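Residue numbers (our numbering): 161 to 407.
Ideal Cβ placement from N, Cα and C applies to all residues, glycine included.
Quantities reported herein were computed from a predicted structural model and do not represent experimental measurements.
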């Protein structure tokens, strides 16, 4: 169902738990509230128009005072959107249909979102047609191109991506493959087999003789360490050794 009535007894199941599968918009309303009578049909139309991609849960604040207290409802209509069990956006008061539509649209994956999540080359290219600045799609497509040997196209795709460790690391790796430094081929081969520690160690060891190519080595290492995460023990030690080798 796209629209459901929720009580204090069903809120946990129908809103909190359900929002882990699909966004749930909660309408806190009361029968005596004039603005509520204006807003509720707009919310229902918006939910029904999205055909199950968003659920509207209606809470009668008079019949469910504990819910109103728990969520700090001081004025109605009050609308809260839940995703993954948490409130992610909200507004108070009647709103025009266009504003409500924007509120709902922000909760639903766009076509570019869906295409990027698909992850195949056709979908990623289409996602970039819809949103040319989308970094995650560029990186994913560049990885596919690199994997099938179209490294020049992958590098061109990554040229205008700045501030993204994965993009900068992949671009640097491609440049190192096209013009290798001593030791880098073994390092990249180790990364390809999943031996990140060996690969990073070899890249750091190659830094003293890298001359003007140190930045590419650094970018490849930083991308690997970023993927491992800040708290990974090897990553912490490798960052210290990388800094020492560079400075």
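Spatial distance of residue i from residue j (CA atoms)
i	j	result
residue 223	residue 171	13 Å
residue 379	residue 263	39 Å
residue 164	residue 316	50 Å
residue 221	residue 307	56 Å
residue 197	residue 321	48 Å
residue 166	residue 174	7 Å
residue 183	residue 290	24 Å
residue 193	residue 213	28 Å
residue 202	residue 281	39 Å
residue 265	residue 217	17 Å
residue 186	residue 267	13 Å
residue 401	residue 346	19 Å
residue 279	residue 304	9 Å
residue 215	residue 314	40 Å
residue 359	residue 225	59 Å
residue 397	residue 339	28 Å
residue 181	residue 368	51 Å
residue 361	residue 391	18 Å
residue 393	residue 292	37 Å
residue 211	residue 204	11 Å
residue 351	residue 288	28 Å
residue 125	residue 209	Because the chain here runs from 161 to 407, residue 125 falls outside it and cannot be looked at.
residue 309	residue 270	31 Å
residue 189	residue 200	8 Å
residue 239	residue 254	9 Å
residue 323	residue 229	43 Å
Nonlocal neighbours in the same chain, by C-beta distance under 7 Å from residue i, ignoring five residues either side
i	result
residue 227	168, 171, 219
residue 373	341
residue 337	311, 348
residue 318	298, 302, 327, 330, 331
residue 399	385
Cβ pair residue i, residue j closer than 8 Å
i	j	result
residue 329	residue 383	yes
residue 285	residue 301	yes
residue 294	residue 272	yes
residue 366	residue 389	no
residue 370	residue 385	no
residue 276	residue 296	yes
residue 237	residue 195	yes
residue 235	residue 252	yes
Residue i - partner residues in DSSP beta bridges
i	result
residue 216	163, 185
residue 251	239
residue 246	243
Chain-order list of residues whose beta-carbon lies under 6 Å from that of residue i (same chain, five-residue window excluded)
i	result
residue 325	382, 383, 386
residue 248	241
residue 357	394
residue 283	275
Closest residue to residue i among the options (Cα-Cα distance)
i	options	result
residue 260	400, 206, 246	206
residue 375	350, 397, 392, 407	407
residue 334	246, 377, 178	377
residue 403	363, 178, 352	363
residue 246	354, 178, 190	178
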